[in-house]
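Residue numbers (our numbering): 33 to 254.
Glycine included, every Cβ here is placed at the ideal spot set by N, Cα and C.
The structure appears below as structure tokens.
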Amino acid sequence: MSKRPRSPSPVTDVSDHDFWTSETIEDRASTFQAFFSPTMPAKELQNLDRIKDASHRILAWRKPSSQRTLVGGVRTLESGTDDDGERYGGRHVLKIIEEMRVEGALVVARWYGGVMLGPARFAHIENCAGDAIRAWRQKEDSEGQKRRRVEDEDMEKMSLIVELTDRDQNILVLRKLLEEKTKQALPQTEQKAPSRPPAPAPDYGSMPLERLRQFDKARDST
Numbered sequence: 033m034s035k036r037p038r039s040p041s042p043v044t045d046v047s048d049h050d051f052w053t054s055e056t057i058e059d060r061a062s063t064f065q066a067f068f069s070p071t072m073p074a075k076e077l078q079n080l081d082r083i084k085d086a087s088h089r090i091l092a093w094r095k096p097s098s099q100r101t102l103v104g105g106v107r108t109l110e111s112g113t114d115d116d117g118e119r120y121g122g123r124h125v126l127k128i129i130e131e132m133r134v135e136g137a138l139v140v141a142r143w144y145g146g147v148m149l150g151p152a153r154f155a156h157i158e159n160c161a162g163d164a165i166r167a168w169r170q171k172e173d174s175e176g177q178k179r180r181r182v183e184d185e186d187m188e189k190m191s192l193i194v195e196l197t198d199r200d201q202n203i204l205v206l207r208k209l210l211e212e213k214t215k216q217a218l219p220q221t222e223q224k225a226p227s228r229p230p231a232p233a234p235d236y237g238s239m240p241l242e243r244l245r246q247f248d249k250a251r252d253s254t
């Protein structure tokens, strides 16, 4: 019966490339673990130090081809497999790459425990392969959310700067009108008193978003 540990393996960096690992699956003394990278060369991923002692390092890859189709120069993909002694294993790894519509290299390492597993080994290979890709996607989704949040905050900041600047101009105009009306109600001798210079405009561009929100809230109550 296969067993999975409860926590996934950590993401590991090698040189300037990243790869993502699956949880391990253990079944009758055999252990399976997958490694996915959208950037590493396929053979480099297959030759990671941490899996050099594996009985089989089953490889599949799917990457952009240097060739273009004759009609319209459409981008094409090339793929390949290496069973590394686990017959038909490569096609099961490639199947997951294609079904999950990703590009990159994917290796499933198997440490053979001396007991033949039959077709169950292919289920373990596919499950590990999918886990490794999902680990990468989780990071991609997280980074995408962070980028969108930063972009949204930048847009909000620019909008608040424009809005607050316009409000300040309107307030200055209203204050000027009020000052003129107040002067007209004064005796002639007092109407010539110099007007007070306006306060320096706030430097909204240098303010963090939270400070701008506070200014906007204060202007709402003005």
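| Item | Value |
| --- | --- |
| Rounded separation between Q78 and W93 - CA only | 11 Å |
| Bridge partners - Q65, DSSP secondary structure assignment | A141 |
| C-beta neighbour in chain C for F67, strict 8 Å | Among the chains of the structure shown, chain C does not appear; only one protein chain is present. |
| When I193, L206 and A250 are compared against S238, the one with the closest alpha-carbon | I193 |
| Burial state of Q65, where buried means 16 or more other Cβ atoms lie within 10 Å | buried |
| Host beta strand (DSSP E) of Q117 (start-end) | A small fix is needed here, since residue 117 is Gly in this sequence, not Gln. From DSSP, G117 is part of no beta strand (DSSP E); its letter is neither H nor E. |
| Close Cβ partners of P234 (< 8 Å) along its chain, the five nearest in sequence each way excluded | L196, D200 and F247 |
| M72 and A167 closer than 8 Å at C-beta | no |
| Presumed contact (8 Å Cβ cut-off) between A141 and A86, rounded CB distance | 4 Å |
| Segment contact, 8 Å Cβ cut-off, at least three pairs: the segment 154–167 with the segment 124–131 | yes |
| L80 (DSSP reduced to helix, strand or coil) | coil |
| Bridge partner(s) assigned by DSSP for P96 | L109 |
| Chain-order list of residues whose beta-carbon lies under 8 Å from that of E242 (same chain, five-residue window excluded) | none |
| Pick from A161, Y236 and R82 that is closest to I57, judged by C-alpha positions | A161 |
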